[in-house]
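**Q** In this note's numbering, the protein residues as written are -19 to 108. Handing you this structure, nothing more for now.
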């Protein structure tokens, strides 16, 4: 199997795990619930890892950072959709707690990863 590099990122692995959990959860819902909130939460959860991959593949620093910010936004969107699922009794308190804990871990790791990104050195700031 080809490896593009992002597969080894912890933020990618955790975001994929969250996406699978959301998919498995929503796939058990009734038709109306799947068609409304279900599709939205699956899309936003999938967008977390998809934007991580796209950011990883970008060449320019600002592009990379932008896609990691998109990923973080999708994480927050997924969290709110998860809250709505709990309010509508589509998931149990325990399911909500388990998924939320993973999402909080990812938020911390994603923020820390974003902080590590540095612009490439320019001729002005090179030291010899």
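C-beta: ideal position from N, C-alpha, C; glycine also. Owing to the predicted nature of the structure, the values given are computational and were not obtained by experimental measurement.
Identify, in the order they occur along the chain, each residue of the same chain with its Cβ nearer than 8 Å to the Cβ of residue 73, setting aside the five sequence neighbours on each side.
**A** If you number the chain shown from 1, residue 73 lands on position 93. For residue 73, where only same-chain residues beyond five positions count, the Cβ hits under 8 Å are 66.
**Q** In chain order, what residues of the same chain have a beta carbon less than 6 Å from the beta carbon of residue 33, not counting five sequence neighbours either side?
**A** Here residue 33 refers to the residue found at position 53 when the chain shown is read from its first residue. Taken in chain order, the residues that qualify are -14.
**Q** Any idea if residue 22 is buried or exposed, counting beta-carbon neighbours within 10 angstroms, 16 or more meaning buried?
**A** Here residue 22 is taken as the residue at index 42 of the chain shown, counted from 1. The residue in question, residue 22, is buried, as its Cβ has 16 or more Cβ neighbours within 10 Å.
**Q** Express the C-alpha separation of residue 61 and residue 50 in angstroms, rounding to a whole number.
**A** Against the chain shown, residue 50 aligns to sequence position 70. Against the chain shown, residue 61 aligns to sequence position 81. If I take the Cα positions, the gap works out to 16 Å.
**Q** Taking the straight line between their C-alpha atoms, what separation do you get for residue -8 and residue 12?
**A** Along the chain shown, one-based indexing puts residue -8 at 12. Along the chain shown, one-based indexing puts residue 12 at 32. C-alpha separation (whole angstroms): 31 Å.
**Q** Sorted by chain position, which residues of the same chain lie with C-beta nearer than 6 Å to residue 99's C-beta, five sequence neighbours on each side aside?
**A** Reading the chain shown from its first residue, position 119 is the one you call residue 99. Here the set comprises 41.
**Q** What's the C-alpha gap between residue 76 and residue 20?
**A** Stepping through the chain shown from its first residue, residue 76 is reached at position 96. Stepping through the chain shown from its first residue, residue 20 is reached at position 40. One C-alpha to the other measures close to 16 Å.
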